[in-house]
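**Student:**
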Amino acid sequence: MRIYSIVDLKPTVNFASRDQAEPCTVWGPRIIPDCQIFYVIRGKAGLQLGNEQIAIASGQGVFFGSESPHRLETLEETDYYSVHFHFDHVSPAPLHPAYAILGCEQEQLTQEAARYEVSLGDRRGELFPHKFAYPGMEPFLLRLVKEYRGGHGWFDWSLRGIMLEMITHMLRCQLGEIKRVVSPFLAATLDAIRAEPERHWTVAELAALCGYHPVHYSRLFKMEMGTSPKDYLMTERVKRAKQLLLSGERIESIAERLGYNSIHYFSNNFKQQTGLTPSEYRQQGRVDLA
3 MRIYSIVDLK
13 PTVNFASRDQ
23 AEPCTVWGPR
33 IIPDCQIFYV
43 IRGKAGLQLG
53 NEQIAIASGQ
63 GVFFGSESPH
73 RLETLEETDY
83 YSVHFHFDHV
93 SPAPLHPAYA
103 ILGCEQEQLT
113 QEAARYEVSL
123 GDRRGELFPH
133 KFAYPGMEPF
143 LLRLVKEYRG
153 GHGWFDWSLR
163 GIMLEMITHM
173 LRCQLGEIKR
183 VVSPFLAATL
193 DAIRAEPERH
203 WTVAELAALC
213 GYHPVHYSRL
223 FKMEMGTSPK
233 DYLMTERVKR
243 AKQLLLSGER
253 IESIAERLGY
263 NSIHYFSNNF
273 KQQTGLTPSE
283 YRQQGRVDLA
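Start counting the sequence shown at 3; every next residue gets the next number (the working numbering).
Here it is in structure tokens:
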């Protein structure tokens with residue numbers, strides 16, 4: 003676990019771009035010398051990171067750091083942002099990562115990825131997730147790209163300021179301090195999922211709650227929420243699981259209560275979303291339930 007303090011943070015942006023990639027464009031297997039945020043504007047991509055297989059849809063991004071073997075691939079034509087950065091570096095001057103990227107063997111992809119946590123002063127630390135779907139990310143990413151490409155006077159200091167703003171924004175989203183505003187019709191289905199995350203909701207059932215055709219509902223949901231109804235349901239189940247784990251309920255009982263067919267499937271799903279097994283989460287006593 004790598005822990006940084008938001009009070010002392012001095013991020014350095016090493017590279018920032020907005021680009022387009024053809025289907026089946028692959029980066030890796032490799033190890034980068036810094037941290038990377040890869041954000042999909044349009045299209046679809048996939049990331050293999052440790053034992054995780056992470057799907058990245060429009061409006062979603064992934065984060066990973068150094069010493070974390072990975073393989074990134076576009077699954078269709080994809081427009082994306084890519085930002086390489088150090089969380090804490092003395093100089094703000096960019097250090098282009100290209101010449102320090104190392105290839106790695108396919109077998110190394112099973113190595114557990116490094117975890118990053120930002121300490122929030124007198125508040126608890128917040129774990130940076132490997133996958134996110136935060137509102138309001140694109141304006142920050144666009145500013146980073148424009149500043150990096152412009153190369154005007156003191157651009158490195160400007161990049162540091164923008165990056166610090168974006169990290170703060172991501173932490174606020176993670177803590178639930180920034181909420182996504184959705185249409186009233188869609189809000190009804192979100193309330194239903196939050197009320198019963200253990201229910202095996204179908205898209206047709208959710209669409210019926212707001213009077214939409216399932217296809218139109220799925221499209222609207224992804225456009226407004228940055229994720230699919232199924233992925234949102236899984237996220238809400240994990241939130242409920244966190245509450246139950248900290249209450250002391252048996253893991254087997256929690257898996258059954260939340261509608262999982264097996265404790266193995268529950269544990270895998272929980273670790274994919276949090277980076278921790280249910281037992282590890284309980285031992286650490288985390289309370290990030292936002």
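We put the CB at the ideal spot given by N, CA and C, even for glycine.
How about L49 and I56: do their beta carbons lie closer than 7 Å?
**Tutor:** Indexing the sequence shown from 1 puts residue 49 at position 47. Indexing the sequence shown from 1 puts residue 56 at position 54. Yes; because the gap between Cβ atoms is below 7 Å, this pair is in contact.
**Student:** So, at 7 Å on beta carbons, what are the nonlocal neighbours of T276 in its own chain, with the 5 sequence-adjacent residues on each side left out?
**Tutor:** The residue you call residue 276 lines up with position 274 of the sequence shown. Cβ within range, chain order: V240 and Y283.
**Student:** Could you spell out where the alpha helix (DSSP H) holding H132 opens and where it closes?
**Tutor:** Here residue 132 refers to the residue found at position 130 of the sequence shown. No alpha helix (DSSP H) holds H132; DSSP gives it neither H nor E.
**Student:** What residue does the alpha helix (DSSP H) around C37 start on, and which one ends it?
**Tutor:** Your numbering for residue 37 matches position 35 in the sequence shown. Unbroken run through C37 is the beta strand (DSSP E), C37 to R44; no alpha helix (DSSP H).
**Student:** Count the C-beta pairs between the region 18 to 26 and the region 80 to 99 that are closer than 8 Å, then say yes if the count reaches three, no if not.
**Tutor:** The region 18 to 26 is in contact with the region 80 to 99.
**Student:** Residue range of the alpha helix (DSSP H) that L208 falls in?
**Tutor:** For the purposes of this step, residue 208 is taken as the residue at position 206 of the sequence shown. Element bounds for L208: V205 to C212.
**Student:** Going by beta-carbon coordinates alone, are I253 and A243 separated by less than 7 Å?
**Tutor:** On the sequence shown, residue 253 is found 251 positions in, with the first residue counted as 1. On the sequence shown, residue 243 is found 241 positions in, with the first residue counted as 1. The answer is no: Cβ separation not under 7 Å.
**Student:** In the structure shown, what three-state DSSP assignment does G163 receive?
**Tutor:** Translated into positions along the sequence shown, residue 163 becomes position 161. DSSP places G163 in helix when its eight states are reduced to three.
**Student:** Please list, in chain order, all residues of the same chain as T279 whose beta carbon is under 6 Å from its beta carbon, the five residues on each side excluded.
**Tutor:** Against the sequence shown, residue 279 aligns to sequence position 277. Same-chain partners within the cutoff: S269 and K273.
**Student:** Output needed for D158: all residues of its chain with C-beta closer than 7 Å, excluding positions within five of it in sequence on either side, in chain order.
**Tutor:** For the purposes of this step, residue 158 is taken as the residue at position 156 of the sequence shown. These residues qualify, in order along the chain: P94, A95 and P96.
**Student:** Are the CB atoms of L144 and I8 nearer to each other than 7 Å?
**Tutor:** Your numbering for residue 144 matches position 142 in the sequence shown. Your numbering for residue 8 matches position 6 in the sequence shown. No, the pair does not count as a contact, with Cβ atoms beyond the cut-off.
**Student:** Would you list the residues sitting across from Q50 in a DSSP beta bridge?
**Tutor:** For this step, residue 50 is matched to residue 48 along the sequence shown. Paired residues: Q55 and R73.
**Student:** Assuming G228 and A135 form a contact by the criterion Cβ under 8 Å, report the distance between their Cβ atoms to the nearest whole angstrom.
**Tutor:** Within the sequence shown, residue 228 is the residue found at index 226, counting from 1. Within the sequence shown, residue 135 is the residue found at index 133, counting from 1. G228 to A135, Cβ: 4 Å. Contact.
**Student:** Could I get the ranges of all uninterrupted alpha helix (DSSP H) runs contained in the region 207 to 267, with 4 residues as the minimum, in chain order?
**Tutor:** Segments of the alpha helix (DSSP H) lying fully in the region 207 to 267: 216 to 227, 231 to 249 and 253 to 259.
**Student:** Which value, in whole angstroms, describes the spacing of the CA atoms of Y6 and F89?
**Tutor:** Position 4 of the sequence shown, counted from the start, is the residue given in the question as residue 6. Position 87 of the sequence shown, counted from the start, is the residue given in the question as residue 89. Taking the straight line from one Cα to the other gives about 8 Å.
**Student:** Less than 7 Å separating the beta-carbons of G68 and I34?
**Tutor:** For this step, residue 68 is matched to residue 66 along the sequence shown. For this step, residue 34 is matched to residue 32 along the sequence shown. The sequence as given places Ser at residue 68; Gly does not occur at that position. Going by C-beta atoms, S68 is nearer than 7 Å to I34.
**Student:** Got a sec, what are the start and stop residues for the beta strand (DSSP E) F89 sits in?
**Tutor:** One-based indexing of the sequence shown puts residue 89 at position 87. Neither: F89 is in no beta strand (DSSP E) and is coded neither H nor E.
**Student:** Given this structure, state the Cα-to-Cα distance separating S281 from G261, to the nearest angstrom.
**Tutor:** To locate residue 281, count along the sequence shown from 1; it is residue 279. To locate residue 261, count along the sequence shown from 1; it is residue 259. Looking at the two C-alpha atoms, the distance is approximately 19 Å.
**Student:** Out of M3, R162, P71 and P231, point me to the one whose CA is closest to Q108's CA.
**Tutor:** Start at 1 with the first residue of the sequence shown, and residue 108 comes out as number 106. If we check each option's Cα against that of Q108, P71 comes out closest.
**Student:** Can you give me the C-alpha to C-alpha distance between A292 and G178, rounded to a whole angstrom?
**Tutor:** To locate residue 292, count along the sequence shown from 1; it is residue 290. To locate residue 178, count along the sequence shown from 1; it is residue 176. Its pLDDT being 31, under 50, A292 is placed unreliably by the model, and the measurement read from it follows with that caveat. Roughly 5 Å separates the two Cα atoms.
**Student:** Taking only the alpha-carbon atoms, compute the straight-line gap between L104 and V28 and give it to the nearest angstrom.
**Tutor:** Along the sequence shown, read from residue 1 onward, the residue named residue 104 stands at position 102. Along the sequence shown, read from residue 1 onward, the residue named residue 28 stands at position 26. Straight-line Cα distance between these residues: approximately 15 Å.
**Student:** Rounded to a whole number of angstroms, what is the C-alpha to C-alpha distance between A101 and A18?
**Tutor:** In the sequence shown, residue 101 corresponds to position 99, counting from 1. In the sequence shown, residue 18 corresponds to position 16, counting from 1. With the sequence shown as reference, residue 101 is identified as Tyr, and Ala is not the correct amino acid for it. Those two C-alpha atoms are separated by around 16 Å.
**Student:** With H, G and I counted as helix, E and B as strand and the rest as coil, what does DSSP make of G22?
**Tutor:** The residue labelled residue 22 in the question sits at position 20 within the sequence shown. Checking the sequence, you will find Gln at residue 22 rather than Gly. Correct three-state label for Q22: strand.
**Student:** Which of the three DSSP states is assigned to L68 in this structure?
**Tutor:** Numbered from 1 along the sequence shown, position 66 holds the residue referred to as residue 68. One point to set straight first is that residue 68 is Ser, not Leu, in the sequence displayed. In this structure, S68 counts as coil in the three-state DSSP scheme.
**Student:** For S269, does the three-state DSSP call read helix, strand or coil?
**Tutor:** For the purposes of this step, residue 269 is taken as the residue at position 267 of the sequence shown. Three-state result, S269: helix.
**Student:** If I measure Cβ to Cβ from N271 and keep anything under 8 Å in the same chain, skipping five residues before and after, which residues do I get?
**Tutor:** Counted from its first residue, the sequence shown places residue 271 at position 269. The residues are M236, R239, V240 and Y262.
**Student:** Which of the three DSSP states, helix, strand or coil, is assigned to L177?
**Tutor:** As a working mapping, residue 177 is identified with position 175 in the sequence shown. Of the three classes helix, strand and coil, the one that applies to L177 here is coil, per DSSP.
**Student:** DSSP three-state label for P94, please.
**Tutor:** As a working mapping, residue 94 is identified with position 92 in the sequence shown. Coil at P94, not helix or strand.
**Student:** When the Cα of D36 is compared with those of R4, P99, D10 and K12, which residue comes out closest?
**Tutor:** For the purposes of this step, residue 36 is taken as residue 34 along the sequence shown, with counting starting at 1. Looking at the Cα atoms, P99 is the closest of the given residues.
**Student:** Using CA atoms only, rank isn't needed, just tell me which of R4, P137, Y234 and M168 is closest to A116.
**Tutor:** Taking the sequence shown and counting its residues from 1, one reaches residue 116 at position 114. When only C-alpha atoms are compared, the closest one is R4.
**Student:** How is D193 classed by DSSP in three states: helix, strand or coil?
**Tutor:** As a first step, residue 193 must be located in the sequence shown, where it is residue number 191. Correct three-state label for D193: helix.
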